[in-house]
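For the record, in the sequence shown the residue sitting at position 150 is 150 according to UniProt numbering, with numbers rising by one throughout.
What follows is a single structure, written as structure tokens, with notes after it.
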Amino acid sequence: MSGIRNFFWPSLCGLLLGLCILAYLPEKDGQSDFTRAVERAAPAVVNIYTTKVVQQRHPLADDPLFRHFFNRSGRVRQQLERSLGSGVIVSERGYLLTNYHVIKGADEILVMLQDGRQALATVIGSDSDTDLAVLKIDLENLNAIPVTDPGQIRVGSIVLAIGNPYGFGQTVTQGIVSATGRYGLGLSQFENFIQTDAAINPGNSGGALIDTQGRLLGINTAIYTQSGGSTGIGLAIPTDLALRTMEDLIQYGRPLRGWLGIEVQPLGVGTNGVIITALANNSPAKDAGLRIGDVLTEINGEAVGDGHAGMKLITYTRPGETVQLGLLRNDQPLTVETEVAVRPQVRGS
């Protein structure tokens with residue numbers, strides 16, 4: 001009997017250990033999850049090729065000696081500038097998201113799908129404040145990428161970047177979410193980037209950052225580099241900002257963002273609240289009685305922190321909606337309600 005017990009317990013432990021190991025082993029060579037994700041998302045990621053006609057004069061056109069010997073009158077010559085990038089099909093009706101800097105100034109935009117089809121794209125609208133643009137192509141049977149809420153992702157989550165680096169064609173790289181909510185980088189007016197170490201290189205701009213289920217998390221937009229290549233710091237615009245901007249561009253031709261008409265400065269590191277340093281005339285803030293020197297601490301009950309979170313909340317608020325502002329005036333708490341207005345459009349944006 002003791003021999004049976006001595007055999008049974010080691011066997012049971014070995015079986016349980018084997019089951020635990022199998023539970024953590026990835027399926028099919030460890031690539032099935034990523035393969036399914038790529039197969040789901042990649043048909044919606046496109047290559048974008050732009051052409052721009054530029055006017056150029058010979059650099060010595062104004063030199064009298066040059067003009068005398070070569071009989072050049074300084075005529076302007078037309079030349080073609082070509083660039084490339086990526087884009088993401090987000091609607092079966094043919095709407096694409098890409099970066100504004102990918103198509104800025106382009107005279108012709110050619111979109112190439114994963115299945116080899118090509119089409120010229122029309123610019124529906126663009127927004128330099130977020131570095132986003134919406135294009136449209138007239139093709140049938142398009143694959144729109146599934147989308148997920150970027151607010152659900154966590155630092156350390158595995159992500160995949162899909163794009164057209166250096167014009168090599170569609171390429172997939174893997175990494176993790178290194179940080180969320182990155183701002184203050186000077187890349188655009190409204191910054192709330194997802195940071196990743198998935199390799200992003202020139203040509204990836206406008207491509208997709210997806211999760212391991214093949215759902216769109218963000219639009220790849222920039223890298224932080226001193227060499228021109230990927231150094232493990234890639235930045236993507238989260239889908240909530242990208243899709244809202246797209247909807248506004250399609251419906252209104254411009255983004256409709258909330259605006260109070262205040263300029264603020266943070267109180268200090270680790271201190272909640274911002275001090276109001278300027279008020280725009282005819283603004284909701286001024287009409288509500290806010291004053292320079294007031295300290296804004298809350299918006300709709302949420303702490304403003306160093307100001308970024310609060311300004312993001314106002315920006316995301318639809319014009320016409322009412323917000324409640326928590327203030328400190330002469331160290332006394334004060335609550336004010338005001339209606340958010342449409343942010344004035346800056347010339348050139």
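Think of the CB as a built atom: it goes at the ideal place given N, C-alpha and C, for glycine as much as any other residue.
Beta-carbon gap between residue i and residue j smaller than 8 Å
i: residue 142; j: residue 105; result: no
i: residue 285; j: residue 262; result: yes
i: residue 258; j: residue 336; result: no
i: residue 218; j: residue 164; result: no
i: residue 241; j: residue 192; result: yes
i: residue 189; j: residue 129; result: yes
i: residue 195; j: residue 233; result: yes
i: residue 167; j: residue 84; result: yes
i: residue 109; j: residue 180; result: no
i: residue 86; j: residue 48; result: yes
i: residue 115; j: residue 52; result: no
i: residue 271; j: residue 34; result: no
i: residue 102; j: residue 205; result: yes
i: residue 254; j: residue 345; result: yes
i: residue 154; j: residue 139; result: no
i: residue 176; j: residue 156; result: yes
Any non-hydrogen atom of the ligand MG within 7 Å of residue i CB
i: residue 326; result: Of the ligands one can find in the structure shown there are none, so the ligand MG has no counterpart to examine.
Range of the contiguous alpha helix (DSSP H) that encloses residue i
i: residue 244; result: 239-252
i: residue 315; result: 308-316
i: residue 286; result: 284-287
Whole-number beta carbon distance between residue j and residue i, since they are thought to touch under 8 Å
i: residue 221; j: residue 131; result: 6 Å
i: residue 388; j: residue 246; result: Here the chain has residues from 1 to 349 only, and residue 388 is not among them.
i: residue 214; j: residue 323; result: Residue 214 to residue 323, Cβ: 37 Å. No contact.
i: residue 134; j: residue 46; result: 13 Å between Cβ atoms; not a contact.
i: residue 236; j: residue 209; result: 4 Å
i: residue 296; j: residue 314; result: The pair is not a contact, with the Cβ atoms about 10 Å apart (cut-off 8 Å).
i: residue 174; j: residue 198; result: 6 Å
i: residue 41; j: residue 89; result: Incorrect: roughly 10 Å between the Cβ atoms, too far for contact.
i: residue 307; j: residue 269; result: Between residue 269 and residue 307 the Cβ distance is about 12 Å, and since that is not below 8 Å, they are no contact.
i: residue 304; j: residue 319; result: Actually they are not in contact, since the Cβ atoms of residue 304 and residue 319 sit about 20 Å apart, beyond 8 Å.
Start and end residues, beta strand (DSSP E) containing residue i
i: residue 125; result: 122-127
i: residue 323; result: 322-329
i: residue 274; result: 274-279
i: residue 95; result: 95-98
i: residue 333; result: 332-339
i: residue 161; result: 158-163
i: residue 78; result: 77-89
i: residue 176; result: 171-182
i: residue 133; result: 132-136
i: residue 265; result: 262-266
i: residue 108; result: 108-112
i: residue 299; result: 295-299
Check: Given 8 Å as the limit, is there contact between the region 113-130 and the region 145-157, that is, 3 or more CB pairs closer than that?
Finding: No: the two stretches stay apart, fewer than three of their Cβ pairs being nearer than 8 Å.
Check: Should the region 325-340 be called in touch with the region 276-292, which here means at least 3 C-beta pairs below 8 Å?
Finding: Yes: the two stretches touch, three or more of their Cβ pairs being nearer than 8 Å.
Next item on the list: Would you check if the region 277-286 and the region 156-174 touch, i.e. whether three or more CB-CB distances between them fall below 8 Å?
Entry: Judged by Cβ distances under 8 Å, the region 156-174 makes no contact with the region 277-286, as fewer than three pairs qualify.
Note to self: Could you tell me which whole beta strand (DSSP E) segments of length 3 or greater appear in the region 197-226?
What the structure shows: Correct list: 208-210, 216-223.
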